[in-house]
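Here is the structure we will look at, set down as structure tokens.
Residue numbers (the numbering used here): 123 to 475.
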């Protein structure tokens with residue numbers, strides 16, 4: 123069975139829905155499609171210095187997807203974001219941070235994204251073997267009552283000193299603290315670029331008003347798309363975003379700027395069209411959009427991961443940043459899952475919609 127047949131089998135009766143859809147609102151010819159010469163086409167004439175270009179090249183040219191224009195990144199910062207015991211009880215091996223890096227290497231990922239502690243403890247052994255992406259800030263969950271804020275856990279220079287090729291950070295757009303976070307991370311990204319590192323922004327939305335009695339709009343295409351647009355504005359080189367699950371967040375919550383015609387003009391309710399709107403907000407795909415793999419639910423993880431990869435690729439995205447579905451299972455199974463996701467991006471028969 124070839125790769126395409128295997129993916130079709132996993133998608134089941136939804137295969138045609140995902141694999142034959144054509145985007146007719148924002149068409150593929152309007153996008154910058156991921157390809158091997160991404161850095162030359164997008165960044166060579168930008169204000170990024172040659173050291174940043176080299177760091178981006180290290181990231182894009184490493185691992186099983188190296189040289190394709192796509193990224194497969196293993197992110198493990200859930201020890202802080204979701205508490206360590208909750209994150210690692212399904213596989214306690216990952217309390218040992220070296221196993222996180224080993225998983226990324228064995229799976230052929232482009233890079234591994236984790237905390238100062240995880241990557242710093244193993245820097246001399248692994249920084250030259252796989253690109254390090256140091257996550258600068260986290261939502262610390264030990265405060266009671268629980269609050270949702272991103273706090274800097276270290277300095278950009280520390281990430282540079284451990285040999286990182288990139289830094290990552292989260293901004294909770296829509297939260298009470300978002301203006302402070304925006305200022306902090308814009309300054310951090312400027313310093314990272316000056317030092318020659320690439321930048322990846324987790325463009326998440328967070329506000330109690332975004333969740334109504336009928337819908338949760340934290341993953342609405344219009345709201346997350348605008349979060350992406352703010353992210354590229356502070357010169358993130360790569361955007362990480364949750365896959366959109368609905369739309370009409372601005373309209374149904376009743377805030378921001380919207381017009382009924384913008385929804386009709388830009389998208390439909392098809393998942394690939396909703397993701398296409400996210401890509402469009404990343405300067406029409408010039409800044410790569412990587413969608414998150416989401417939490418682990420057990421037996422459905424593989425199908426969900428494949429579906430997310432197909433939607434992201436066909437929408438014009440640049441890859442997947444998948445963690446919990448991989449590390450919350452036996453090591454061998456995690457490697458296999460990541461390889462299967464990567465096969466979506468390596469399959470020439472799965473094209474841009």
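By construction, the Cβ of each residue, glycine as well, lies at the ideal position given by its N, Cα and C atoms. All values derive from a computational prediction rather than experimental measurement.
Alpha-carbon to alpha-carbon, residue 374 and residue 274 = What you label residue 274 is simply residue 152 of the chain shown in a count that begins at 1. What you label residue 374 is simply residue 252 of the chain shown in a count that begins at 1. One Cα belongs to residue 274, the other to residue 374, and the distance between them is close to 33 Å.
query = For residue 147, which residues of its own chain have a beta-carbon under 8 Å away from its beta-carbon, when the five flanking residues on both sides are left out?
reply = Here residue 147 refers to the residue found at position 25 of the chain shown. Cβ neighbours of residue 147 beyond the five flanking positions: 387, 388, 389, 390, 395, 398.
ask   = Should the region 172-180 be regarded as contacting the region 218-227, the criterion being three or more beta carbon pairs within less than 8 Å?
value = The region 172-180 vs the region 218-227: no contact.
query = Pick from 298, 451, 316: whose alpha carbon is nearest that of residue 332?
reply = Translated into positions along the chain shown, residue 332 becomes position 210. Closest by alpha carbon: 298.
ask   = Would you say the region 162-171 touches the region 435-444, given that touching needs at least three Cβ pairs under 8 Å?
value = At 8 Å Cβ cutoff, the stretches do not touch.
message = If I measure Cβ to Cβ from residue 180 and keep anything under 7 Å in the same chain, skipping five residues before and after, which residues do I get?
response = Reading the chain shown from its first residue, position 58 is the one you call residue 180. The residues are 253, 287.
request  = Please determine, among 134, 348, 289, the residue with the shortest C-alpha to C-alpha distance to residue 402.
outcome  = In the chain shown, counting from the first residue as 1, residue 402 sits at position 280. Nearest option by C-alpha distance: 348.
request  = Spatial neighbours of residue 158 within its chain, please: CB distance less than 7 Å, with the 5 preceding and 5 following residues excluded, ordered by chain position.
outcome  = As a first step, residue 158 is located in the chain shown; it is residue number 36 there, counting from the start. Closer than 7 Å at Cβ, skipping near neighbours: 189, 190, 191.
message = Just to confirm my understanding: we take residue 351, look at its own chain, exclude 5 residues before and 5 after, and list those with CB closer than 6 Å. What are they?
response = Taking the first residue of the chain shown as position 1, residue 351 is located at position 229. Same-chain partners within the cutoff: 403.
query = Quick one, are the C-beta atoms of residue 460 and residue 475 less than 8 Å apart?
reply = Locating residue 460 in the chain shown gives position 338, counting from the first residue. Locating residue 475 in the chain shown gives position 353, counting from the first residue. Result no, Cβ atoms of residue 460 and residue 475 do not sit closer than 8 Å.
key: Cβ pair count under 8 Å reaching 3, the region 304-316 against the region 336-344   = no
Counterpart residues of residue 260 in DSSP-defined beta bridges = For the purposes of this step, residue 260 is taken as residue 138 along the chain shown, with counting starting at 1. Looking at the DSSP assignment, residue 260 forms a beta bridge with 273.
inquiry  = Between 209, 126, 294, 280, which has its C-alpha nearest residue 324's C-alpha?
reply    = Locating residue 324 in the chain shown gives position 202, counting from the first residue. Residue 294 is the option with its Cα nearest to residue 324.
query = Where does residue 368 sit, in a helix, a strand or coil, going by DSSP?
reply = The residue you call residue 368 lines up with position 246 of the chain shown. In the structure shown, residue 368 sits in a strand (DSSP, three-state: E or B).
ask   = Can you tell me whether DSSP reads residue 125 as helix, strand or coil?
value = Taking the chain shown and counting its residues from 1, one reaches residue 125 at position 3. Residue 125 falls in the helix class under three-state DSSP.
inquiry  = Distance cutoff 8 Å, beta carbons only. Does residue 141 sit that close to anything in chain B?
reply    = In the displayed structure, chain B is absent; only one protein chain is listed.
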